[in-house]
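Residue numbers (my numbering): 185 to 461. First up is the structure itself, then whatever we jot down about it.
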Amino acid sequence: MTPHRFHGRALALAVVALTLIVPILPAPVQAQDSVSTSGALTHFTPAEVARFSKQIEGDLAGRGARVAIVFRAGRAREALPKGIAYTHGAFWVYRDVKTAEGKVEHGYAVYNLYAGDGKAWPTTVSRLVQDFPYDFTSGSTVDDVAVIVPSPEVQRRLLAVIDSPTYAALHNPAYSTIANPLSPKYQNCNGFMLDVIASAVWDTTDRDQIRADLRAHYTPTKIQTGPVLRLLAPLADARLRTDDHSGPLRTATYESIAAFMRDNGLLSDAYSLTFAR
Numbered sequence: 185m186t187p188h189r190f191h192g193r194a195l196a197l198a199v200v201a202l203t204l205i206v207p208i209l210p211a212p213v214q215a216q217d218s219v220s221t222s223g224a225l226t227h228f229t230p231a232e233v234a235r236f237s238k239q240i241e242g243d244l245a246g247r248g249a250r251v252a253i254v255f256r257a258g259r260a261r262e263a264l265p266k267g268i269a270y271t272h273g274a275f276w277v278y279r280d281v282k283t284a285e286g287k288v289e290h291g292y293a294v295y296n297l298y299a300g301d302g303k304a305w306p307t308t309v310s311r312l313v314q315d316f317p318y319d320f321t322s323g324s325t326v327d328d329v330a331v332i333v334p335s336p337e338v339q340r341r342l343l344a345v346i347d348s349p350t351y352a353a354l355h356n357p358a359y360s361t362i363a364n365p366l367s368p369k370y371q372n373c374n375g376f377m378l379d380v381i382a383s384a385v386w387d388t389t390d391r392d393q394i395r396a397d398l399r400a401h402y403t404p405t406k407i408q409t410g411p412v413l414r415l416l417a418p419l420a421d422a423r424l425r426t427d428d429h430s431g432p433l434r435t436a437t438y439e440s441i442a443a444f445m446r447d448n449g450l451l452s453d454a455y456s457l458t459f460a461r
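Structure follows, in structure tokens:
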């Protein structure tokens, strides 16, 4: 085969492969789950967002949760990989909250890791952002969220970390949608939360020690994909970086974080909560 024909065939295969990748790509920025929605609605009306947010807050308050971990699905379920029902997760912390009018009320503040939207900052760079239940719920594309309520002792430890310099120190701004939580190279929202949980549980700020502890006690969720998609995914979307994976693609999800916390006696409950329409 001549070099010209070889390169032409390779290009054709690449185009086909990129076409196949499209179904597993993150949704557009407005619905991308680790990007701040900034009020953009994809599923609920504003009134429904407010109602569902209050429903979640009421459920958590009724359980006496000072710190909870809540997950939403920022893409339609049929667009998610097999075995993954939720995408973006964040800490919900009950505390004094200052309103836009300057009043101080009791309620939940939401602590997120958000990737860049490609405008204010690059899509492969993340920031830590504190917003509120309405902001979180507005990014959901389905009628339910998943909730992990840690044990009272773990809640106490998590709050101590969130309110300390350790919280920001655990943040790695190098973002990948499918970051390997057992590698320090990249981080996504769920991987960041996992690091915070590990820091709180094992009382360490040493990132190498956190990696070692997670390798011993935590099993990430495997993402089903073929070698061609894996190779070419970063060409289709810069956020789909895969060079931190040496074997199957694995990442942190609600499912694997809940299993880790349940198996190690770290949670009081894990469940899904459906919007009461």
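All C-beta atoms, glycine included, are put in the ideal place defined by N, C-alpha and C.
- In the three-state scheme derived from DSSP, where H, G and I count as helix and E and B as strand, ILE268 is classed as coil.
- Collapsing the DSSP output to three states places TYR370 in coil.
- By the Cβ-count criterion, ARG247 is exposed, with fewer than 16 other Cβ atoms from all chains shown falling within 10 Å of its own Cβ.
- DSSP lists ASP328 as the beta-bridge partner residues of THR458.
- ALA363 sits away from ALA442, with the two beta carbons spaced by 9 angstroms or more.
- Taking C-beta atoms as the reference points, THR389 and ALA436 fail to come closer than 9 angstroms.
- With a contact defined as Cβ atoms closer than 8 angstroms, LEU450 and PRO334 qualify at about 6 angstroms.
- Taking C-alpha positions only, GLY300 is separated from GLY323 by approximately 15 angstroms.
- Of all alpha-carbon atoms in VAL281, GLN314 and THR321, the one lying nearest the alpha-carbon of VAL254 is that of THR321.
- In this structure, the alpha-carbon of PHE275 lies about 24 angstroms from that of ALA304.
- Under the three-state reduction of DSSP, THR361 is assigned to coil, being neither helix nor strand.
- Approximately 11 angstroms separates the beta-carbon atoms of TRP386 and ASP379; this is outside 8 angstroms, ruling out the contact.
- Pairing LEU366 with ARG434 gives a Cβ-Cβ distance under 9 angstroms.
- In this structure ALA400 is exposed. Its beta-carbon is surrounded by fewer than 16 other beta-carbon atoms within 10 angstroms.
- Assignment of ALA252 by DSSP, reduced to helix, strand and coil, places it in the strand class.
- Going by beta carbons, TYR370 and SER360 fall inside the 9 angstroms limit.
- From the listed residues GLY375, ARG425 and PRO317, the smallest Cα separation to TYR402 is found for GLY375.
- Rounded to whole angstroms, the separation of the alpha carbons of THR307 and TYR298 is 9 angstroms.
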